[in-house]
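For reference, the structure is listed below as structure tokens.
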Amino acid sequence: MFCARRRGVLVTGPRLIPSGVRIARHYNWVVNADENIGLFDLDGSLADFNGQLLADLEMLRSPEEERVTDLYAAEGVSHIKARMDLIKRKPGWWANLPLLEKGKRVLEAARDLEFDCRVLTKGPRTNAQAWKEKLDWSFANLGPLDVTITFDKGSVYGKFLYDDFPEYCYRWLAHRPRGLVIMPVERISRQYEHEQILQWDGTNFDQVKAALVACREREPHEPMVIPR
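Per the working numbering, residue 279 is the first one in the sequence shown, and the count goes up by one each step.
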């Protein structure tokens, strides 16, 4: 095991972790409120996890089976879930996911606004190879960004979070009462309406940029107000 402190973060984990990587298990930190940190999820946000998994499931579908269109529902079908697990354990699968242009567009906008952009992704509990391949994907597609792989995104500080999974967004907001979430969606839905969540469907980029500016300019202890 190693223990190191970087930028106010106490990091513990196995040896031989690449430079710039945080393993968020046991930590305590002091964060400067002026740090403009932007957190970006990978799967379904920057990396096309859903599209690739659906395509690979289609390759394994027999003519008698219905096409899988809902991955969440498919988790409840034992033989389909077994296929999904098999696909995700294929060497190189995570490392070769396509880059989502919609996510890249928001990342570039945040970089232009001089946010300190970092990757925040959840690691599968039973697939250690996926952790390494997430790092490989990030470095290959995004450059030398800091990467945090964790089981609990709510524990990680940032001024905004870009994430497609509502459960993780709400968990993060529970600890960030003045934070901003940008949630990539296929279509705007009342189901995810929240005063600190901006749904991004690919048509409202000006609103996304305005929200990022408001997030950057917000003073400590001021509420986060999304331009509508």
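C-beta atoms are modelled at their ideal positions from N, C-alpha and C, and glycine is treated no differently.
The model shown is predicted, which means the values in this text are computed figures rather than measured ones.
When the options are compared against residue i, the one with the closest alpha-carbon
i	options	result
R403	Y350, R496, D326 and D363	D363
T426	L413, T481, M502 and N482	L413
W450	D442, K431, F443 and D441	K431
C395	K437, A352 and A489	K437
N419	N314, A373 and V491	A373
V459	R465, V486 and S467	V486
F327	K400, L391 and R456	K400
F429	G457, A406, E344 and H472	A406
P501	A488, A408, E473 and V384	E473
D334	E343, D390, K366 and A452	K366
E464	S323, F318 and I315	S323
W409	Y440, L320 and A489	L320
A388	I466, Y440 and R339	Y440
W371	E411, L391, D442 and H357	E411
F443	Q330, K382 and Q469	Q469
E313	G457, L476 and S467	G457
F393	L317, R383, I466 and I475	L317
H499	V384, R454, E344 and L377	R454
G421	A452, K382 and L391	K382
Beta-ladder partner(s) of residue i, from DSSP
i	result
R468	According to DSSP, R468 bridges with nothing at all.
R462	In the sequence under discussion, the amino acid at residue 462 is Pro, which differs from the Arg named in the question. In the DSSP output, where bridge partners are listed per residue, P462 has W478.
C395	G316
Y440	F318 and I460
DSSP-derived helix/strand/coil call for residue i
i	result
P422	coil
K400	strand
Y435	coil
D321	strand
G316	strand
L451	helix
L378	coil
V355	coil
D326	coil
E386	helix
S416	helix
D348	coil
R494	helix
I365	helix
E336	helix
W371	coil
G473	For the record, residue 473 in the displayed sequence is Glu; it is not Gly. The answer is coil: DSSP assigns E473 none of H, G, I, E or B.
E500	coil
E411	helix
E445	helix
Spatial neighbours of residue i in its chain, beta-carbon cut-off 8 angstroms, leaving aside the 5 residues before and after
i	result
K380	P462, W478 and G480
E353	K359 and M362
L332	V346, T347 and L349
G329	P376
Same chain, Cβ closer than 6 angstroms to residue i, five either side skipped, listed in chain order
i	result
S416	V397 and V425
K368	none
L476	I460, A489 and I504
Y446	K431
Heavy atom of the ligand MG within 7 angstroms of residue i beta-carbon
i	result
S416	Questions concerning the ligand MG fall outside what the structure shown contains, since it holds no ligand whatsoever.
Below-8 angstroms beta-carbon distance, residue i vs any chain D residue
i	result
S433	Of the protein chains in the structure, only one exists, and it is not chain D.
Cβ-based neighbour list, residue i, same chain, cut-off 7 angstroms, excluding 5 preceding and 5 following
i	result
P505	Q485, A488, A489 and A492
N482	none
E336	R345
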